[in-house]
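*Asks:*
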Amino acid sequence: MWRGLWTLAAQAARGPRRLCTRRSSGAPAPGSGATIFALSSGQGRCGIAVIRTSGPASGHALRILTAPRDLPLARHASLRLLSDPRSGEPLDRALVLWFPGPQSFTGEDCVEFHVHGGPAVVSGVLQALGSVPGLRPAEAGEFTRRAFANGKLNLTEVEGLADLIHAETEAQRRQALRQLDGELGHLCRGWAETLTKALAHVEAYIDFGEDDNLEEGVLEQGRKPVSIVSPEPGTTRDVLETPVDLAGFPVLLSDTAGLREGVGPVEQEGVRRARERLEQADLILAMLDASDLASPSSCNFLATVVASVGAQSPSDSSQRLLLVLNKSDLLSPEGPGPGPDLPPHLLLSCLTGEGLDGLLEALRKELAAVCGDPSTDPPLLTRARHQHHLQGCLDALGHYKQSKDLALAAEALRVARGHLTRLTGGGGTEEILDIIFQDFCVGK
Amino acid sequence: MFYFRGCGRWVAVSFTKQQFPLARLSSDSAAPRTPHFDVIVIGGGHAGTEAATAAARCGSRTLLLTHRVDTIGQMSCNPSFGGIGKGHLMREVDALDGLCSRICDQSGVHYKVLNRRKGPAVWGLRAQIDRKLYKQNMQKEILNTPLLTVQEGAVEDLILTEPEPEHTGKCRVSGVVLVDGSTVYAESVILTTGTFLRGMIVIGLETHPAGRLGDQPSIGLAQTLEKLGFVVGRLKTGTPPRIAKESINFSILNKHIPDNPSIPFSFTNETVWIKPEDQLPCYLTHTNPRVDEIVLKNLHLNSHVKETTRGPRYCPSIESKVLRFPNRLHQVWLEPEGMDSDLIYPQGLSMTLPAELQEKMITCIRGLEKAKVIQPGYGVQYDYLDPRQITPSLETHLVQRLFFAGQINGTTGYEEAAAQGVIAGINASLRVSRKPPFVVSRTEGYIGVLIDDLTTLGTSEPYRMFTSRVEFRLSLRPDNADSRLTLRGYKDAGCVSQQRYERACWMKSSLEEGISVLKSIEFLSSKWKKLIPEASISTSRSLPVRALDVLKYEEVDMDSLAKAVPEPLKKYTKCRELAERLKIEEIKGVQQDEALQLPKDLDYLTIRDVSLSHEVREKLHFSRPQTIGAASRIPGVTPAAIINLLRFVKTTQRRQSAMNESSKTDQYLCDADRLQEREL
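Heads up: the protein sequence lines correspond to chains L and E, in order. Oh and the first sequence: position 437 is 437 in this note's numbering, straight run, nothing missing. Oh and the second sequence: position 7 is 451 in this note's numbering, straight run, nothing missing.
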């Protein structure tokens, strides 16, 4: 029955979908067997960035990123085109170096990618590496640790590097904290809270279930957090919003009042709110009456909203707009069309359904563009780290689902929570006990 | 190799120092010359008895001082031992050759393992214990322990001398002063005074000083400790009323029968003293709104509830349950107090209402309509010493050679007390012989978690063991406490008997051998399916599957495996415990990627060839992680420190393996000598 908690955990895990582009369930177990990768040059903008891998899958990763070319000559710089193994999209033309073990820094098979230093390139290569099975981002100091374990470093070298790593870890921590002030941090903290609560209830069932008959209570309490949905501040009553799944993307659809001038005070308020919503939207579906394009309100709308979004260069703005002309059935089939000066648009007839497929296809493309790049923030290392921990959390929750033994299941929840708290901080046992005693009357 | 299957209970074999007298009972404190002991233990409760016998097992001449010899081993509250987390502690106490598990196997009246459906890591061994039998058996054991002397007397003060310069602390304890003014000298002193430090009993609006109903509190000692500068706090706890058995209508209540077969607490016992069919049942009933009403109407008559002193959240009185969780029915377990006891203990009804109202409330409860209250429930408030003032070996920072164990450190529960008692006894003795302290780490046992939590975090409510406090819960299981602690207890502390040590060694090597054999047997899944048809082995992929992986299926055990592959597996089913433990070992085998072991005897504070900050050294010293992986999880231990540690361990290992090759023969000779010495 405690398995009911799974729904809760699954909900908690569902959130990171946008971030966890890696879908492979067979994520490599952390351990010396895994192949690790990291940006080895400094952060920020620089001419050249060096990305390193170490471990048995290094050669494989290099081959995949430089397909169809074979491995370059060992310890020789070679120019290769790197492309994303998932999409085949080219990432960068880069110098690559192949160091088969044991003659490498760590003693394992190593690869160095010397790429152009732009954040987009580095991020792209790191994400491409992350998508190769058997590869995961390196922990702080892990390259050095491996080098040492394989007898590649002596004491003084290690000590010097240790200081360096310490500094690096510190920078990483600060960077992680900075990034966590934002929305992502808010989201992670929310998930961590949900998991903490779930764990507390499983722990309560383990420590007190037998004597105190907590079983029923645990599940009731455990299900509650499921109802938490993404908090959307500022939702107004007159803007109707529904979360929908459009072509696989989670989308919040807002239906606003039509933008009309010279209406009564109540509708004016509706229009004001619609405009406000318009500014926040990632994608605007501007709907006009195809047979009424000459009317003043239509002209005004085209001039202010459509033109202003269209005027921004695509790279400056994350906002996109689709102009849709409804009531196409009212246009005469032989006529000249709605108008020659119009920006790109789609014709639709809600009455006949004509043009609906085209609209959906266009929507899918736009959404892919909006959601494809999940974050516009550049910090690269921390992003790989976030992805790693979120993936780790997800994997652990998968183990939770499979476990028949409740102690093992609880362990999976502990690991999942551990991954999240490494992003958010906190995570002590007292926190769990506090929840237990707050929620349950335990003790005979 | 020697091991004892089916040997009932046994007495610790005598140590080499046979010239010392066996335990004796001395009531004559005014002996002609001032007596001198290695270790003095003050208090004969669950911490004191374990501390005294552990010190004696370690070879120290030990004196147990108690108010009254006839209260040694008294169970002052619930008539039960063990439970979830607590059962783990008992197994660990037993692994260190402590008493309580063995005594419980001789004194229980209802044995039941909790959490049976939840995986072996969280099974909770528990039993209802006959109070009278427990006390009798404990006293018999105490009075027959070699090197242990028992004496009646109340301690009023400590004798203090100059500190040893090589240790921290502003002075050193060298003995005690009794109420009658006489003195006893000792090298180490252990305080296990329970709730007696300025103990105060509360019923309704009445209070009177007492450590336990009918026993005097210790006031002089509390003042001494305060004067020395110890930070003192106040805690409270309570106990329910006792009800006459014949006044309860059990026929309308829910009856709970014990397990069959009974699982003993001690590794050394195959069975318990009593057959399951002769054991006593427990009964379950519930409170109702009328109980709530009586509590709420009479709050003004209940000073214990109004107090701000912290009580345990997990063992609340019925009053606080009603206040915090109103409009609910709370469970009341009716537990037997013993085979021939006419008392019943209503677990869940701890209360401090005025005595006459207690009976009124109880008679509202189903089955208890005509119940007679024989002894009212009461609350106890007592002093405890902030446990952050003691080291992980339980010695105080302030006073050298003074140790605290049990409720005095802010814990609650017999098992928590016993666990600290063993550790204090061992360390008091090691201190006398100038050996390094014996510390159990968080990665080694529940005892380690308990002591680490207390000494690093302190506590603001009576501290109880929970499995949720334990980070390494999957590997710290009741079944493997011997592998974790018995070998260390024998080698590092000297508190474990030869027999127990050999048995633990045999078990450990048999398990290792069994697992490697199970790994070596490989068949295609289709063949396994034919061999063990009842197992739900998937044959969709024709890959070779190891016997070890087949054992992971719920419906497969060593018996079914041995039936399928008699050679070489048959021999692992001959010993029941071994067969069961092989199965459990396999269930937990999920996450062992941190293979690199850290040496147990590493002294983090002094090792020189490794660059570690002082802060990191202290953290490692306190936590004593078993593996590099565990070390990296300790908050505050930096990746840089891990690398340095790794380097250190690697070079040490290389050096040692070179040395071991040359000195293996020497080692064998040495071991043989030691064995002979012990057998003398």
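Positions of the beta carbon are idealized from the N, C-alpha and C atoms, including for glycine. As the structure is a prediction and not an experimental result, all values here were calculated from the model.
With 16 other CB atoms within 10 Å as the buried threshold, where does E/T612 fall?
*Replies:* Per the 10 Å Cβ criterion, exposed.
*Asks:* What residue range does the beta strand (DSSP E) around E/F481 cover?
*Replies:* That run of the beta strand (DSSP E) goes 480-486.
*Asks:* Using three-state DSSP, classify E/L592 as helix, strand or coil.
*Replies:* Three-state result, E/L592: strand.
*Asks:* Would you mind reading off the limits of the beta strand (DSSP E) that contains E/V537?
*Replies:* Looking at the DSSP string, E/V537 is not in any beta strand (DSSP E); the run it does join, the alpha helix (DSSP H), is 530-539.
*Asks:* Just the C-alpha distance for L/Q127 and L/A138, rounded to the nearest angstrom, thanks.
*Replies:* Their backbone Cα atoms lie some 13 angstroms apart in a straight line.
*Asks:* Taking DSSP as the reference, what is the three-state secondary structure of L/A362?
*Replies:* Three-state result, L/A362: helix.
*Asks:* Leaving out five residues on either side along the sequence, give the residues of the same chain with a beta carbon under 8 angstroms from the beta carbon of L/R275.
*Replies:* Taken in chain order, the residues that qualify are L259.
*Asks:* By the criterion of Cβ-Cβ separation under 7 angstroms, what are the contact partners of E/E998 in chain L?
*Replies:* Chain L residues near E/E998: K404.
*Asks:* Per DSSP, which residues does E/R754 bridge with? Please list them.
*Replies:* Its beta-bridge partners are E/L679.
*Asks:* Along chain E, which residues have their Cβ under 7 angstroms away from the Cβ of L/E203?
*Replies:* Under the 7 angstroms cutoff, chain E gives S912.
*Asks:* Count the CB pairs spanning the stretch 537-554 of chain E and the stretch 496-508 of chain E that are closer than 8 angstroms, and state whether there are at least three.
*Replies:* They touch, by the three-pair rule.
*Asks:* Distance cutoff 9 angstroms, beta carbons only. Does L/R237 sit that close to anything in chain E?
*Replies:* The pLDDT assigned to L/R237 is 36, lower than 50, so where the model puts this residue is not dependable; a value taken from the coordinates is nonetheless given after this. It does not: the Cβ of L/R237 has no partner Cβ on chain E nearer than 9 angstroms.
*Asks:* Is the stretch 618-629 of chain E touching the stretch 480-494 of chain E in the sense that three or more CB pairs, one from each, lie closer than 8 angstroms?
*Replies:* The stretch 480-494 of chain E, when compared against the stretch 618-629 of chain E, does touch it at the 8 angstroms Cβ threshold.
*Asks:* Please report the distance separating the alpha-carbon of E/Q660 from that of E/A861.
*Replies:* The straight-line gap from Cα to Cα measures roughly 20 angstroms.
*Asks:* Any residues in the stretch 539-565 of chain E with a beta carbon nearer than 8 angstroms to a beta carbon of chain L? Which ones, in chain order?
*Replies:* Cβ contacts with chain L: L558, N559, R561, K562, G563, P564, A565.
*Asks:* Between the Cα of E/S662 and those of E/E600, E/G625, E/V676, spot the shortest distance and give me the residue it belongs to.
*Replies:* Nearest C-alpha to E/S662: E/E600.
*Asks:* Please tell me whether L/E411 has its Cβ less than 9 angstroms away from any Cβ of chain E.
*Replies:* For L/E411, the answer is yes, since a Cβ of chain E falls inside 9 angstroms of its Cβ.
*Asks:* What number of angstroms, rounded off, separates the C-alpha of E/S632 from the C-alpha of E/G638?
*Replies:* C-alpha separation (whole angstroms): 19 angstroms.
*Asks:* One question on the structure: do E/A863 and E/V537 come within less than 9 angstroms of each other, judged by their Cβ atoms?
*Replies:* Contact: yes.
*Asks:* Using alpha carbons as the reference points, say which of E/V883, E/A799, E/G531 lies closest to E/S837.
*Replies:* E/S837 has its Cα closest to that of E/V883, out of E/V883, E/A799, E/G531.
*Asks:* Using a Cβ-Cβ cutoff of less than 8 angstroms, which residues in the same chain neighbour L/G309 once the five nearest sequence positions on both sides are dropped?
*Replies:* The sequence shown places Val at residue 309 of chain L, rather than the Gly named in the question. Only I284, S317, Q319, R320, L321 meet the Cβ criterion.
*Asks:* Please confirm whether E/Y858 has its beta-carbon closer than 9 angstroms to some beta-carbon of chain L.
*Replies:* Closer than 9 angstroms: no.
*Asks:* With a cut-off of 9 angstroms, does the C-beta of E/Y727 fall near any C-beta of chain L?
*Replies:* Chain L, which has no Cβ nearer than 9 angstroms to the Cβ of E/Y727, makes this no.
*Asks:* Can you tell me whether E/V776 is buried or exposed? The criterion is at least 16 other CB atoms within 10 Å of its CB, across all chains shown.
*Replies:* Counting Cβ neighbours within 10 Å, E/V776 comes out buried, since at least 16 surround it.
*Asks:* Applying the criterion that 16 or more other CB atoms from any shown protein chain within 10 Å of the CB defines a buried residue, is E/Q723 buried or exposed?
*Replies:* Its Cβ being crowded by 16 or more others within 10 Å, E/Q723 is buried.
*Asks:* Measuring only the C-alpha atoms, how far is L/A266 from L/S332?
*Replies:* Inspection of the sequence shows that residue 266 of chain L is occupied by Val rather than by Ala. If I take the Cα positions, the gap works out to 37 angstroms.
*Asks:* Alpha carbon to alpha carbon, what distance is there between L/I64 and L/A94?
*Replies:* Using only the alpha carbons, I get a separation of about 14 angstroms.
*Asks:* Who are the Cβ neighbours of L/V132 in its own chain at under 6 angstroms, not counting the five residues just before and after it?
*Replies:* Excluding positions up to five away in sequence, the list reads A61, I64.
*Asks:* Given E/R468, which residues of its chain have a CB within under 7 angstroms of its CB, disregarding the five upstream and five downstream residues?
*Replies:* Confidence is the limiting factor: at E/R468 the pLDDT is only 47, short of 50, which leaves the residue's position unreliable, though a coordinate-based value still follows. Here the set comprises T593.
*Asks:* Using 9 angstroms as the limit for Cβ to Cβ distance, is E/Y890 near chain L?
*Replies:* E/Y890 does not count as touching chain L.
*Asks:* Around the Cβ of E/P1010, are there at least 16 other Cβ atoms within 10 angstroms (buried) or fewer (exposed)?
*Replies:* That one is exposed.
*Asks:* Using a Cβ distance threshold of 8 angstroms, determine whether the stretch 776-791 of chain E contacts the stretch 516-528 of chain E, with at least three qualifying pairs required.
*Replies:* Yes, they touch.
*Asks:* Quick check on E/R928: does DSSP put it in helix, strand or coil?
*Replies:* It is helical.
*Asks:* Within 10 angstroms of the Cβ of L/E366, are there 16 or more other Cβ atoms? Answer buried if so, exposed if not.
*Replies:* Looking at its Cβ environment, which holds 16 or more other Cβ atoms inside 10 Å, L/E366 is buried.
*Asks:* The beta strand (DSSP E) spanning E/L874 covers which residue range?
*Replies:* Where E/L874 is concerned, there is no enclosing beta strand (DSSP E), although the alpha helix (DSSP H) it sits in stretches over 858-876.
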